[in-house]
Structure formats: C-alpha cells, structure tokens
Amino acid sequence: MKKGKVYSLSLIMLLMMALFLAACGADDGETSTAEPGTDSSATNTESDATDNSNSSTPQVLVFGRGADSVSLDPGIVTDGESFKVTQNLFETLLNFGKQDTTINPGLAKEWEVSEDGLTYTFHLEEGVMFHDGTEFNAEAVIKNVNRWKGGKEEDFYYFNSMFKAEGEDIIKDVTAEGDYTVVFTLSRPQAPFLKNIAMSPFGIASPTAFEAAGESFGDQPVGTGPFKFVDWKRNDSITIEKFTEYWQEGLPKLDKVIFRSIPDNSARLNELMAGNIDLADGINPSDGKTVEGNSELQLIERPSMNIGYLGLTNTRAPFDNKLVRQAVNYAIDKQAIVDAFFEGRAEVAANPMPSSISGYNDAISPYPYDPEKAKALLAEAGYDGKEIELWAMPVPRPYMPDGAKVAEVIQKNLEDVGIPSKIVTFEWATYLEKAKNGEADAFMLGWTGDNGDADNFIYTLLDKDNIGSNNYAYYSNDEVHELLIKAQSETDENVRNDLYKKAQEIIHEDAPWVPLAHSTPLLAAKAGVKDFLPHPTGSDKLTNVSFE
Numbered sequence: 010m011k012k013g014k015v016y017s018l019s020l021i022m023l024l025m026m027a028l029f030l031a032a033c034g035a036d037d038g039e040t041s042t043a044e045p046g047t048d049s050s051a052t053n054t055e056s057d058a059t060d061n062s063n064s065s066t067p068q069v070l071v072f073g074r075g076a077d078s079v080s081l082d083p084g085i086v087t088d089g090e091s092f093k094v095t096q097n098l099f100e101t102l103l104n105f106g107k108q109d110t111t112i113n114p115g116l117a118k119e120w121e122v123s124e125d126g127l128t129y130t131f132h133l134e135e136g137v138m139f140h141d142g143t144e145f146n147a148e149a150v151i152k153n154v155n156r157w158k159g160g161k162e163e164d165f166y167y168f169n170s171m172f173k174a175e176g177e178d179i180i181k182d183v184t185a186e187g188d189y190t191v192v193f194t195l196s197r198p199q200a201p202f203l204k205n206i207a208m209s210p211f212g213i214a215s216p217t218a219f220e221a222a223g224e225s226f227g228d229q230p231v232g233t234g235p236f237k238f239v240d241w242k243r244n245d246s247i248t249i250e251k252f253t254e255y256w257q258e259g260l261p262k263l264d265k266v267i268f269r270s271i272p273d274n275s276a277r278l279n280e281l282m283a284g285n286i287d288l289a290d291g292i293n294p295s296d297g298k299t300v301e302g303n304s305e306l307q308l309i310e311r312p313s314m315n316i317g318y319l320g321l322t323n324t325r326a327p328f329d330n331k332l333v334r335q336a337v338n339y340a341i342d343k344q345a346i347v348d349a350f351f352e353g354r355a356e357v358a359a360n361p362m363p364s365s366i367s368g369y370n371d372a373i374s375p376y377p378y379d380p381e382k383a384k385a386l387l388a389e390a391g392y393d394g395k396e397i398e399l400w401a402m403p404v405p406r407p408y409m410p411d412g413a414k415v416a417e418v419i420q421k422n423l424e425d426v427g428i429p430s431k432i433v434t435f436e437w438a439t440y441l442e443k444a445k446n447g448e449a450d451a452f453m454l455g456w457t458g459d460n461g462d463a464d465n466f467i468y469t470l471l472d473k474d475n476i477g478s479n480n481y482a483y484y485s486n487d488e489v490h491e492l493l494i495k496a497q498s499e500t501d502e503n504v505r506n507d508l509y510k511k512a513q514e515i516i517h518e519d520a521p522w523v524p525l526a527h528s529t530p531l532l533a534a535k536a537g538v539k540d541f542l543p544h545p546t547g548s549d550k551l552t553n554v555s556f557e
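Residue numbers (my numbering): 10 to 557.
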C-alpha cells in the first residue's frame, strides 16, 4: 500500500512537470508566430532558429529575400520572387533533379511517349490531396490545363510562351483514361515538352479553389505541395506552414517558413548576422568573404543558369535603328561592370543564354568596349542626341546584385559617346508591367532559366510570338522565328543545336539587347541550416531543409 502511494505521488509529480514543460513549449510556439518585421519577431525568430535542435520546438525557417512576390498563382507570374514561394505550395507533373534540370517523377510517377512524339501518357500518384482536402486526380490535371489554355494570353504568359507557336496550341487535347492516367495530345512534336511541363508555372492547383476564387486565386493559393499558405503581408512577409496531409511521408521537415522582403542586400546580410533570419539570397559578391570568415554562417553558391542584360525596346526611337543598338553594345564597358560588381563570380555575356545550355554558340564574342566605334555608328545612324530613359531595377536579382549602381555605370558609358540618359525606376511589379507593355527606352532586366533548354532562353525572350509577354525588347525577326519554331520540333539534338547557333548569330548582329553577365548567385545561411540545395532555376524546394 505504501509503495502504491509513493508511486502515485511520483506519477503526479511527473504529470505536473510534463504539463509545465508543455506550457513552456506552447509559449515558444506562440512567440514563433509573432508578426515578422517587429522587434519581437526578430527576437523570437532568432530563438526559434537557435533552438531548433530541440525536437519539441517548431522548426521555423525565416528566408530573407530581395522583393515581395507579385502573385502566388504560378500560372500567371513570371518573376522569381513569386516562384520562390509557389514552388513550395504547388507541385508539377514532373520534377527536375535536385540541382540540375534532368527529368524526374513528380505528381506523375511514370510516363510514356509515342514514337511520333505527339502523345504523352502520364500515370499519376494516388492518394494525393490538395490543401483544401479535395483529391488530386486526372480530372484535376485536365482542369488546370484547360484553365491555362482558356485564360487571357496576357495573363498566362508562360503557357503561351511555352505551348503556343504561330498562334497554334501545341497541346491539342488532354484526356483522362481512368482516374489516375492523363493523356496529352500535341499538334506538333515539341522537343522540350517534358522539361516545359516540369517548370514552376505549371504547378497543379486545386480546381475547387481556383474556380471559387477566380482572379483572386493568387491571394489564396491551394496546391498539393509540402507547405500550405497561411498569410501574406504585402511588401513584408509571406508565411507558409507544413501540410500535415502531404503525400510523401515524413516531409516536409520544417514546420513553417516565413519569406521576409528585405530589398537591400547589405541590410539582408546584417539581419542574417544578427540572427533575425536564417537564410538570405542576393548576397553581394563583395560580401562573400565576410560570410566565409564567419563560423556561424555558411556561403552557398547557386549553380549558374542566367543572363543579365540591358534591353533596348526595338520599337521605340532611337532603338528602332539597329546601328544605334550596336553602338550601345560598343559603348558599355561590360568587363568593368563584371569586375566592379561581381567580384569574379560572373563572366561577360556574349549571347542571350549561358554556355552551360546545349546549343550555345561559342564562336560569338561579346561586343568589345569601343567608344569610338560607338560614336561612329551613332553618327552613321543620324542619332539626334535626344535624352533617353534608362530604367534601373529597384530590387537585387541573381543576375544583377545592384541594379542602381550598374545603371550609373551604364549612364556614364552612354554619356561618354553622346547619349544622354535619365535613370528612372518603379516598384518591382510596376516595373515589370510597364516594361512588358513596351514603355521603356532602355531597361535593365535578366532571366534565370526555367528548364535548362535553349528554347526557354531564345524563343521565350526574343521570339516575336512572345512580344507583350517575356520579349520585353519587342524584338522581331522572321528568320530567327523560323529557326526557333523548327528547333522546337526537331528531335535530332545536333540539328537542333545548329539551328540555335544560327539564331544567335542573327541576334548578335541585330543587337536587341546588351548582354551583360552570367552570374554565380550567392546565398548565405546560418551554419545550422541543413540540406538546402539551391536550384539553378532559382525555384528552391524547401521540402528536405531542417536545422541541426
């Protein structure tokens, strides 16, 4: 009897201690959800990240980035900051490799391609749920494709860039064969079809959700991804949390991710060093050694697959004249820009795609820095000396860490050859929209490849089919167009590469841009952040990330 009483008292004490610890844990969890951007958020975020080795503490990753998202509807956006979030909310039929663009299973576990290249049959994973509790199946895939096909062309930029050519739908039809098999029928063979369908814009959304939300779906996104949407404070933070019904067991490892918008690169690094964020992209190349010398941090390099450029709107004077465009290419000291702002982590660009992409024309060299040649071309063109607007990006991007300072160098280069310019800028979403509409004279922009294919650079960015979407320069050349359309359907890789090399020769002569640099983007994280693998596309999956 006495032993029983002693046992009961011990049990009561243990229960009381457990309740006390649970209450402490609840307090920790509550503080971890404090609003980002406040002093308490900074303190609590640091505490969460520091204590993540304790399994009872929620694993909360605070990801500092350079700008806010434009929308969280992957089908309608083109910017990397939007895809950075949507990549973790939505999933595609196929996945890229962990740090390359090889094709792997996604929501489709298997697939077959017909001999004529016109039929693709995908066998889907079963038991996958959307965040709203509805089921993922073949019908959901069909409704997503029909949404992309039937939407306004100006809204679904990527679909029209990747799956329309000469006004024709490349995806002719999509049908179901049972609940978990879906068949795509193409109107013509498309060599990069599998890579295209794996791209972030083609994340599968809940039909129930997008049908109910309409145009506001981007404010309340619903996918099948490892995380589900929680909250969006514009120009401040986006919060997503673990989807407990995620179909891949044991994933994700993080309980919550907070994407904080911190436009200035140096301020973002300071927040990381202060412990207020756990991971930061857009690290200035000049700060790389600082990070490497800090034992509490780790420097992370993103595999390079990008192009930073100065676009020249080909339909606006004076850039409707090829000689003026060529003059600007000679006028800009591209090597000096790379040396000054990239700290050896970039190379001067010659073509509109990096050398890592199959079909790159290595016989083409960058326009040399030659102010006198530029002046002679301007004189030949009859340039009248009218001032132009030079648009500078308001946010740091992987291909351009400091747009404002690079714009100042370009402005001085142009002034030296007799082209006066006024630097202007806008809020990021406005900048993109106005440039897309052809309102700029000269504008700084760039591109991180979506799938590792030449088509995704040259056709997407410079074909006449994409004027008004990703062809911000409004460049149009019929011969280039014919080469690119032929390359899309060509299955012989050597023939296809020759077509792209010829297209690059013409583009180099026409000079619709000034290609500036291919960079190796830098990120930094706390030393305890584990298994973050930056992807060359810039769309990073956080599924396996955790804290040591």
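We put the CB at the ideal spot given by N, CA and C, even for glycine.
- DSSP places residue 299 within a helical segment (H, G or I) once states are collapsed to three.
- The alpha carbon of residue 303 has as its nearest neighbour, out of 312, 314, 279, 315, the alpha carbon of 279.
- Judged by DSSP in its simplified three-state form, residue 443 adopts helix.
- Here residue 525 is buried. Its C-beta has 16 or more other C-beta atoms within 10 Å.
- With 16 or more other Cβ atoms from the protein chains shown falling within 10 Å of its own Cβ, residue 66 counts as buried.
- In the three-state reduction of the DSSP assignment, residue 535 falls in the strand class.
- Pairing residue 399 with residue 433, the inter-Cα distance amounts to about 6 Å.
- The beta carbon of residue 373 sits closer than 8 Å to the beta carbons of 359, 360, 513, 514, 517 from its chain, once the five residues preceding and following it are set aside; these are given in chain order.
- DSSP places residue 70 in the strand class (E or B) of the three-state scheme.
- Judged by pairs of C-beta atoms under 8 Å, the region 74-89 touches the region 238-246, as three or more such pairs exist.
- Here residue 324 has 447, 483 as same chain residues with Cβ atoms under 7 Å from its own Cβ, once five neighbours each way along the sequence are excluded.
- By the C-beta criterion, the region 374-391 is judged to be in contact with the region 336-346, since at least 3 inter-stretch pairs fall below 8 Å.
- Contact between residue 137 and residue 233 holds, since their C-beta atoms are separated by about 5 Å, short of 8 Å.
- Scanning its chain for C-beta atoms nearer than 7 Å, with the 5 sequence neighbours on each side dropped, one finds around residue 106 the residues 113, in chain order.
- Between residue 297 and residue 274 the beta-carbon gap is near 12 Å, outside 8 Å, which marks them as no contact.
- Here residue 266 is buried: its Cβ has 16 or more other Cβ atoms, across all protein chains shown, within 10 Å.
- Under DSSP, residue 320 takes part in a beta bridge, and its partners are 452, 522.
- Of all C-beta pairs linking the region 450-458 to the region 320-337, three or more are shorter than 8 Å, placing the two stretches in contact.
- The C-beta of residue 133 has 16 or more other C-beta atoms within 10 Å across all chains shown, which makes the residue buried.
- Secondary structure note for residue 241: its beta strand (DSSP E) is the uninterrupted segment 236-242.
- Measuring C-alpha to C-alpha distances from residue 286 to each of 276, 336, 294 identifies 276 as the nearest.
- Residue 534 sits away from residue 260, with the two beta carbons spaced by 7 Å or more.
- Excluding its 5 nearest sequence neighbours in each direction, residue 387 has C-beta neighbours in its own chain below 8 Å: 332, 333, 336, 426, 427, 428, listed in chain order.
- Setting aside the 5 residues that flank it on each side, residue 82 is surrounded in the same chain by 226, 227, 230, each with a C-beta closer than 7 Å to its C-beta; the list follows chain order.
- DSSP, reduced to helix, strand and coil, places residue 479 outside both helices and strands of the structure shown, so it counts as coil.
- Around residue 100, the same chain offers 115, 116, 212, 213, 232, 233, 234 as residues with beta carbons nearer than 8 Å, after the five sequence neighbours per side are excluded.
- By a beta-carbon distance limit of 8 Å, residue 497 contacts residue 200. Their separation comes to about 6 Å.
- Residue 554 and residue 269 have their C-alpha atoms spaced approximately 17 Å apart.
- In this chain, the beta strand (DSSP E) harbouring residue 129 covers 128-133.
- Counting C-beta atoms within 10 angstroms of its own C-beta, residue 478 has 16 or more neighbours from the protein chains shown and is therefore classed as buried.
- Assignment of residue 406 by DSSP, reduced to helix, strand and coil, places it in the strand class.
- As the crow flies, the alpha-carbon of residue 412 is around 11 Å from that of residue 319.
- Between residue 208 and residue 168, the alpha-carbon positions lie close to 10 Å from each other.
- The beta carbons of residue 127 and residue 203 sit no closer together than 7 Å.
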